[in-house]
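Comments concern the structure below.
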Amino acid sequence: MANLWWQNMLCYQIYPRSFNDTNSDGVGDINGIIEKLDYLSWLGINAIWLSPVYQSPNDDYGYDIKNYYDVNEEYGRLADLERLIEKAKEKNIKIIMDLVMNHTSDEHPWFIESKNPESPYRDYYIYQEGKNGRYPNNWTGFFSGTVWEKTDNGDYYLHLFSKKQPDLNFKNPKVIEEFKNIMAFWLEKGIAGFRCDVCNVFYKQSLENGKRSLVLTGLEHYHQTNKNHEILQELKQSFIGQYDLFMVGETVLVNTKEATDLIKPEKKELDLVFGFEHMETDQFNNKWFKKKFNPTKFFKVLTKWQEQVYWNANYFENHDQPRSVTRYGNLKYHYYSSTALSTLLLSLKGTPFIFQGQEIGMTNYDFKTMADFKDLESKRIYDIGRKLFIPKKYLFKMIKKTSRDNARTPMQWDDGFGFSTHKPWLNENPNKNTINVKDQMTAENSILKFYKEMIAYRKDNKVLLEGEFKMIKQRKGLYIFERELGQKKQTVIINLTKHVKILKINTSSIRMNNYDSVLKDKVMPYQAIILGGSL
Ligand code: TEU
Ligand code: CA
């Protein structure tokens, strides 16, 4: 069957705050995105996922929303966003908005109202009395520590994320109605769909104590509940016949079976989900321990998802994750490892997502002190770590590697003031001197040029777009798979190590290659090759 539009989509994620500043206040803005539409169109993408641009006090930089119907002043006005949607449309670029439903900002009028126990908004949130002078239960949240915050009345409200992000009560049907209205408002403005933030933890089945666990005690009471499925179905289905609404869910802690459950086409729930398993292959399941990257494990997880989930949302980076070339590549082989990751990302079966800066191989930032971090998660982990007497030096080292701010340093347009003429809200990476869009556009060979070429290759290649995935072999960081459509075949060879690998290659049908040439019996360090036939 032919692909649907979102299966042929190549989506570029923009973190607006760090993309392009046009009014010199050090903060990216919507006009800045409009200014770069030509660039994005040149690159060959056909959709943009915008991280939140709604009004927000920025405790979590937009993931704490105080007004879903308007644009945060620092990013521009609603009219600017309407202009972006219109201009993007002229270039055949769809806009996908981020939608944060699990919680609002504590500065949202609903929450302010809800503090009054008599208010009709009381039931929009989850309030509980303490138990024997202690928290209502033992749950711990995504940013560590208790999920309960005491109010002036002496009771508590629940927040899975920061205390400035109170969780909404999805047992209240009015909350669901509110989101239908919000979605309708934006669909009416011409957007194509939503990336739904943490959308498998909305419904809190019970508020009983949870099983003690190193991370997220209480998870079993709200993760992936039946009611949660019903809520997503209700949201999606209420637009049938009206809009061709696309929804990709950010679904925390899902395995392939749960992912499959969420995207069954006949259920009309979500179209795609972002899994996390492959992002945890260099991590011992949480932020506290960090293991060395293990490409074998990485490829194993990718293979499992390719084989078990019918259509994947493929990504190696987003605004919550350190840079992929630093994690999975090798800075000594900056060009080769970035382009090898690019080849892999764009040749797997599914819909690829590229995060801003990935296309030029932006790297992690060399943070020097805790004061360099802006992300609340990094700060909180530090505070909690200190309370546990974890040595400062060790804590800092660990946070530096894992901090979400690694993804959020400003986009490196050139070696000067390309992002902003003002001091940026978050430090720029000084390696903008050598890693930037301007240089890579003029260079004969660059990561950017390779991305563009790979995107174009994929765009016209039915086998890569529609073909089945078939694992051929993987050997200590050398990964080989085929994509197959009818009689046609593409073979993808990725060496994600610094070692030369011995392999017999049929060099008569080379379609893509990130080296000058392909040898018939070896794969070079971080070499990536696509063949138009078998090995
Ligand atoms: O992220 C949810 C989520 O799972 C992350 O908090 C994750 O645990 C963490 O980033 C790993 O480092 C979404 C958004 O993508 C994130 O930016 C928000 O902070 C969060 O929800 C709350 O809205
Ligand atoms: Ca600005």
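Counting in the numbering used here, the sequence shown runs from 647 upward without gaps. Quick reminder that beta carbons are idealized off the backbone N, C-alpha and C, glycines included.
- For Phe-962, DSSP assigns no beta-bridge partner whatsoever.
- The region 1107-1122 makes no contact with the region 1081-1097: fewer than 3 CB pairs, one atom from each, lie closer than 8 Å.
- Judged by beta-carbon spacing, Ile-711 lies beyond the 8 Å limit of Ile-1000, meaning their Cβ atoms are not closer than that value.
- Sequence-distant partners of His-749 (beyond 5 residues in either direction) whose C-beta falls short of 8 Å from its own C-beta, in its chain, are Asp-710, His-805, Leu-806, Phe-807, Gln-811, Pro-812, Asp-813 and Leu-814.
- In the three-state reduction of the DSSP assignment, Glu-1128 falls in the strand class, which pools E and B.
- Between Asp-843 and the set Asn-1141, Ile-680 and Asp-966, the nearest pair of CA atoms involves Asp-966.
- Any heavy atom of ligand 2 counts here; residues with a Cβ closer than 5 Å to one of them, in chain order, are Asp-667, Asn-669, Asp-671, Val-673 and Asp-675.
- The nearest non-hydrogen atom of ligand 1 is 7 Å or more from the C-beta of Glu-1090.
- Taking a contact to require three or more Cβ pairs closer than 8 Å, the region 667-687 and the region 1067-1079 qualify as touching.
- In this model, Met-1100 and Leu-891 are separated by some 28 Å (Cα to Cα).
- Rounded to the nearest whole angstrom, the C-alpha separation of Asn-1160 and Lys-1095 is 11 Å.
- Per DSSP, the unbroken alpha helix (DSSP H) holding Met-1087 starts and ends at 1083-1088.
- Taking 8 Å as the cut-off, the Cβ atoms of Lys-1135 and Leu-1181 do not count as close.
- Spatial neighbours of Cys-845 in its own chain (CB-CB distance under 6 Å, excluding positions within 5 residues in sequence) are listed in chain order as Gly-895.
- His-924 counts as buried, since no fewer than 16 other beta carbons sit within 10 angstroms of its beta carbon.
- With at least 16 other beta carbons inside 10 angstroms of its own, Phe-1065 counts as buried.
- Here the alpha carbons of Gln-879 and Ala-648 stand approximately 24 Å from one another.
- Taking Leu-745 as reference, the option from Leu-689, Asn-827 and Ala-725 with the minimal CA-CA separation is Asn-827.
- The three-state reading of DSSP puts Arg-768 in helix, counting H, G and I together.
- The alpha carbon of Ile-739 has as its nearest neighbour, out of Trp-756, Tyr-767, Trp-1059 and Ile-679, the alpha carbon of Ile-679.
- Listed in chain order, the non-local C-beta contacts of Val-1138 below 6 Å within the same chain comprise Ser-993, Phe-1127 and Ile-1176, local neighbours out to five positions each way being set aside.
- Around Thr-902, the same chain offers Lys-950, Trp-951, Gln-954 and Val-955 as residues with beta carbons nearer than 7 Å, after the five sequence neighbours per side are excluded.
- For Asp-716, the uninterrupted beta strand (DSSP E) run begins and ends at 713-717, by DSSP.
- If you draw a 10 Å sphere on the C-beta of Pro-968, you find 16 or more other C-beta atoms in it, and that means buried.
- With respect to Leu-1124, Val-1169 sits close: the two C-beta atoms are nearer than 8 Å.
- Uninterrupted beta strand (DSSP E) stretches at least 3 residues long and entirely within the region 776-814 occur at 794-796 and 802-804, given in chain order.
- The beta-bridge partner set that DSSP reports for Lys-1168 consists of Ile-1148.
- Residue pairing by DSSP places Leu-1111 opposite no residue, since no beta bridge is assigned to it.
- Nearest Cα to Pro-755 within the set Lys-1166, Asn-713 and Gly-722: Asn-713.
- Lys-1122 and Ile-660 have their C-alpha atoms spaced approximately 34 Å apart.
- The region 653-686 is shown to contain whole beta strand (DSSP E) runs of 3 or more residues at 657-660, in chain order.
- The three-state reading of DSSP puts Trp-688 in helix, counting H, G and I together.
- Residue pairing by DSSP places Asp-744 opposite Arg-841 in a beta bridge.
- Secondary structure at Ile-886: coil, using DSSP grouped into helix, strand and coil.
- Its chain contains Glu-896 and Ala-959 as the residues whose beta carbon lies nearer than 6 Å to that of Phe-920, once the 5 sequence neighbours on both sides are disregarded; these appear in chain order.
- The closest heavy atom of ligand 1 lies 7 Å or more from the beta carbon of Val-900.
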